[in-house]
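Chemist:
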Amino acid sequence: MWLIRGLIMMQWSEHYDLHGHSTYSDGELSVSQLAQKIKDEGVNVWALTDHDVISGWSEASEEAKQRGLKFIPGVEITCIPGLPAEAIVLEKEGRDRSTTSWHLLAYFPHHNPNDKSASMTAFSEWLQPFAEGRIGRMKRMVEKINELGMEIAFEDVMARSSGAIGRPHLAKEMIEKGYADSVQQVFDEWLGDGCPAHVEKRKPSIIEAVNAVHAAGGICSLAHPIYYGIETDNLLSYIHNAGIDAVEAFHRSHPDKYRIELWQGALKLGLKVTCGSDYHGPSYQARPGHMSVPSSSLPEQII
Numbered sequence: 039m040w041l042i043r044g045l046i047m048m049q050w051s052e053h054y055d056l057h058g059h060s061t062y063s064d065g066e067l068s069v070s071q072l073a074q075k076i077k078d079e080g081v082n083v084w085a086l087t088d089h090d091v092i093s094g095w096s097e098a099s100e101e102a103k104q105r106g107l108k109f110i111p112g113v114e115i116t117c118i119p120g121l122p123a124e125a126i127v128l129e130k131e132g133r134d135r136s137t138t139s140w141h142l143l144a145y146f147p148h149h150n151p152n153d154k155s156a157s158m159t160a161f162s163e164w165l166q167p168f169a170e171g172r173i174g175r176m177k178r179m180v181e182k183i184n185e186l187g188m189e190i191a192f193e194d195v196m197a198r199s200s201g202a203i204g205r206p207h208l209a210k211e212m213i214e215k216g217y218a219d220s221v222q223q224v225f226d227e228w229l230g231d232g233c234p235a236h237v238e239k240r241k242p243s244i245i246e247a248v249n250a251v252h253a254a255g256g257i258c259s260l261a262h263p264i265y266y267g268i269e270t271d272n273l274l275s276y277i278h279n280a281g282i283d284a285v286e287a288f289h290r291s292h293p294d295k296y297r298i299e300l301w302q303g304a305l306k307l308g309l310k311v312t313c314g315s316d317y318h319g320p321s322y323q324a325r326p327g328h329m330s331v332p333s334s335s336l337p338e339q340i341i
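Going letter by letter, the sequence shown gives residues 39 to 341 in the working numbering.
1) Taking 9 Å as the cut-off, decide whether the C-beta atoms of P263 and L305 are in contact.
2) So, for G363: in the same chain, excluding its five sequence neighbours on each side, which residues have a beta-carbon less than 6 Å away from its beta-carbon?
3) What does a CB cutoff of less than 6 Å around G65 pick up in its chain, not counting 5 residues either side in sequence?
4) Would R297 pass as a contact of E79 if the rule is Cβ separation under 9 Å?
5) Can you say whether H148 is buried or exposed, counting buried as having 16 or more other CB atoms within 10 angstroms of its CB?
6) What runs of the beta strand (DSSP E), each 3 residues or longer, lie entirely inside the segment 106 to 191?
7) Is L41 helix, strand or coil when you go by DSSP?
8) For F288, list the residues DSSP reports as bridge partners.
9) Taking Cβ positions only, does S60 come closer than 9 Å to chain D?
10) Relative to the C-alpha of G112, which residue among K75, K215, G256, S199 is closest?
11) Below 6 Å CB to CB, which residues in the same chain sit around G44 once its five sequence neighbours on both sides are set aside?
12) Roughly how many angstroms lie between the CA atoms of N272 and W84, to the nearest whole one?
13) Among E101, Y54, A144, which has the Cα closest to the Cα of V248?
14) Is the Cβ-Cβ distance between L260 and H141 less than 9 Å?
15) Run through the DSSP bridge pairs and tell me what V83 is partnered with.
16) Express the C-alpha separation of L229 and H236 in angstroms, rounding to a whole number.
17) D226 and R135: beta carbons closer than 9 Å?
18) Report back the beta-carbon spacing between Y54 and V81 to the nearest angstrom; my notes put them in contact at under 8 Å.
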């Protein structure tokens, strides 16, 4: 599908979706269900990027093969912010605070998920403590929710995840128990950054994560930068200097103007760009393969 944005020809990135989650982290669909959804939406190149875990890769690779999809192993690493949010940007966007984490997408396009190489084993071992740290964090968040007068069992929240436990799992348990009407309400009132039941998790610096990914033969893209409250030129300069390979210019949350700013700025600095729906499941406002991208950027500049 072709779209016109100003003088730039745009199209749906239907052939590529390099950002999505399964039940191995906070997605709603199993890997098999997600692979079928990806296929049904017409995506040809798919990356599974669960939060801080790579345990879904082998299954995803097989499911993709059965459906004729090209699969790229990926992971979304939760990191310490690389830069502090800029007050002028937050004010312009009508926000009083930024996120307390940055997310780094890591891709391993040349890795066979069934190949246990030394470098990938080392990467998995490096990643493991951050995934395990999510469990302790969830215990503390459940305790805080209970202190606020709600009754939530930690075991019930854990039962909702097949891998990396996250805030959406707790949010859905709270909804089921009648304490909220939506995930968004839960985040706005209790679990969002700076809210009463929010708890920080153990996480690496951006530089540590980039070095770990590169040592394992991977490439990196900074995910959904609009959330971080950084002026575009400053953000791209940081990405370039930190050794990050790309920026997720074409994320579903980005307005077209911001997508184009990131794309053009990345071109000037020799950075790649990536596109991703950040699909979590049918309850979320996203469809795989539906990010508008400049037609001239495909496929050369997209990883």
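All residues carry an ideal CB built from backbone N, CA and C; glycine is no exception.
Every value quoted in this text rests on a predicted model; they were computed, and no experiment measured them.
Modeler: In terms of the structure at hand:
1) Translated into the one-based positions of the sequence shown, residue 263 becomes position 225. Translated into the one-based positions of the sequence shown, residue 305 becomes position 267. Against a cut-off of 9 Å, the Cβ pair of L305 and P263 comes out as no contact.
2) The shown model of the chain, from 39 to 341, leaves out residue 363, and the question about it has no answer.
3) Here residue 65 is taken as the residue at index 27 of the sequence shown, counted from 1. If we look at G65 and ignore the five residues flanking it on each side, its Cβ neighbours are H59, H318, G319.
4) By 1-based counting over the sequence shown, the position of residue 297 is 259. By 1-based counting over the sequence shown, the position of residue 79 is 41. Taking 9 Å as the Cβ cut-off, R297 and E79 do not qualify as a contacting pair.
5) Your numbering for residue 148 matches position 110 in the sequence shown. Counting Cβ neighbours within 10 Å, H148 comes out exposed, since fewer than 16 surround it.
6) 108 to 117, 140 to 145
7) In the sequence shown, the residue the question calls residue 41 occupies position 3. Only weak support exists for where L41 lies, its pLDDT of 36 falling under 50; the value from the coordinates is given anyway. L41: strand per DSSP, three-state reduction.
8) Taking the sequence shown and counting its residues from 1, the one referred to as residue 288 is at position 250. Answer is C313.
9) In the structure shown, chain D does not exist; there is a single protein chain.
10) On the sequence shown, position 74 is the one that residue 112 refers to. Among K75, K215, G256, S199, the Cα nearest to that of G112 is on G256.
11) Position 6 of the sequence shown, counting from 1, holds the residue named residue 44. Confidence at G44 is low in this model, with a pLDDT of 39, below 50, so its placement is unreliable and the value that follows should be read with caution. Nothing meets the Cβ criterion.
12) For the purposes of this step, residue 272 is taken as the residue at position 234 of the sequence shown. For the purposes of this step, residue 84 is taken as the residue at position 46 of the sequence shown. N272 and W84 have their alpha carbons spaced roughly 30 Å apart.
13) By one-based count along the sequence shown, residue 248 stands at place 210. Selected option, being the one with the closest Cα: A144.
14) As a working note, residue 260 is residue 222 in the sequence shown. As a working note, residue 141 is residue 103 in the sequence shown. Yes, Cβ-Cβ distance for L260 and H141 is below 9 Å.
15) Along the sequence shown, one-based indexing puts residue 83 at 45. Looking at the DSSP assignment, V83 forms a beta bridge with Y54, K108.
16) Translated into the one-based positions of the sequence shown, residue 236 becomes position 198. Translated into the one-based positions of the sequence shown, residue 229 becomes position 191. Approximately 5 Å between the Cα atoms of the pair.
17) Taking the first residue of the sequence shown as 1, we reach residue 226 at position 188. Taking the first residue of the sequence shown as 1, we reach residue 135 at position 97. For D226 and R135, no; Cβs fall outside 9 Å.
18) The count along the sequence shown starts at 1 and reaches residue 54 at position 16. The count along the sequence shown starts at 1 and reaches residue 81 at position 43. Rounded, the Cβ-Cβ distance is 7 Å, consistent with contact.
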